[in-house]
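Peer 1:
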């Protein structure tokens with residue numbers, strides 16, 4: 639499977655919007671496990687069928703799921719390509735933040751080492767004045 643990694647800003651916004659609601663995350667999880675009808679999905683939520691359809695529409699607009707007609711039913715399945723692209727995006731954010739935290743840790747360790755070597759037991763702490 640070929641996975642394009644780059645998402646447009648609009649696609650990123652739709653993915654994050656889709657994943658922002660716990661019901662939509664649950665629908666996505668369930669459709670990863672197996673293809674389901676919208677009716678089957680709706681039975682498990684304490685909301686109207688129309689509300690579940692709206693959640694499905696948000697996931698579909700984000701391309702996280704694919705909906706197809708089979709007779710009178712609408713079947714929903716997860717879209718592994720878009721899920722892989724979203725995971726790659728989140729991995730890039732994770733790498734960015736881990737790198738920033740690592741640099742911050744290094745700076746704090748460096749500052750701590752400098753404080754230990756610069757301190758003189760008889761002198762006032764750095765930044766304080768004596769009168």
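Numbering (my numbering), first residue to last: 639 to 769. Using N, Cα and C, we set each Cβ at its ideal position, and we do this for glycine too.
Please determine, among 696, 686, 683, the residue with the shortest C-alpha to C-alpha distance to residue 655.
Peer 2: Sequence index remark: in the chain shown, residue 655 carries index 17 (1-based). Closest by alpha carbon: 696.
Peer 1: Taking the beta strand (DSSP E) that residue 711 falls in, what are its first and last residues?
Peer 2: Position 73 of the chain shown holds residue 711. First-last of the beta strand (DSSP E) with residue 711: 711-716.
Peer 1: For my contact list, residue 683 and residue 690 are in at a C-beta cut-off of 8 Å; report their separation, rounded to the angstrom.
Peer 2: Sequence index remark: in the chain shown, residue 683 carries index 45 (1-based). Sequence index remark: in the chain shown, residue 690 carries index 52 (1-based). Confirmed, Cβ separation roughly 6 Å.
Peer 1: Take every Cβ of the segment 649-668, pair it with every Cβ of the segment 701-708, and state whether three or more of those distances are shorter than 8 Å.
Peer 2: Yes, since at least three Cβ pairs between the segment 649-668 and the segment 701-708 fall closer than 8 Å, the two stretches touch.
Peer 1: Report yes or no: do three or more beta-carbon pairs, one from the segment 724-731 and one from the segment 706-714, lie closer than 8 Å?
Peer 2: As far as the Cβ criterion goes, the segment 724-731 does not touch the segment 706-714, which means the pair count is below three.
Peer 1: Contact defined as beta carbons within less than 8 Å: I believe residue 674 pairs with residue 668. What is the distance between those atoms, to the nearest angstrom?
Peer 2: Stepping through the chain shown from its first residue, residue 674 is reached at position 36. Stepping through the chain shown from its first residue, residue 668 is reached at position 30. Going by Cβ atoms, the distance from residue 674 to residue 668 rounds to 6 Å, so yes, they are a contact pair.
Peer 1: On the CB-based measure, 16 or more other CB atoms within 10 Å of its CB, does residue 710 come out buried or exposed?
Peer 2: Taking the chain shown and counting its residues from 1, the one referred to as residue 710 is at position 72. So residue 710 ends up on the exposed side.
Peer 1: Within 10 angstroms of the Cβ of residue 679, are there 16 or more other Cβ atoms? Answer buried if so, exposed if not.
Peer 2: Start at 1 with the first residue of the chain shown, and residue 679 comes out as number 41. Answer is buried; the Cβ neighbour count reaches 16.
Peer 1: Would you report the Cα separation of residue 749 and residue 650, rounded to the nearest angstrom?
Peer 2: In the chain shown, counting from the first residue as 1, residue 749 sits at position 111. In the chain shown, counting from the first residue as 1, residue 650 sits at position 12. Roughly 38 Å separates the two Cα atoms.
Peer 1: I believe residue 693 touches residue 665 by the beta-carbon criterion, under 8 Å. Please report the beta-carbon distance rounded to the nearest angstrom.
Peer 2: Here residue 693 is taken as the residue at index 55 of the chain shown, counted from 1. Here residue 665 is taken as the residue at index 27 of the chain shown, counted from 1. Confirmed, about 6 Å.
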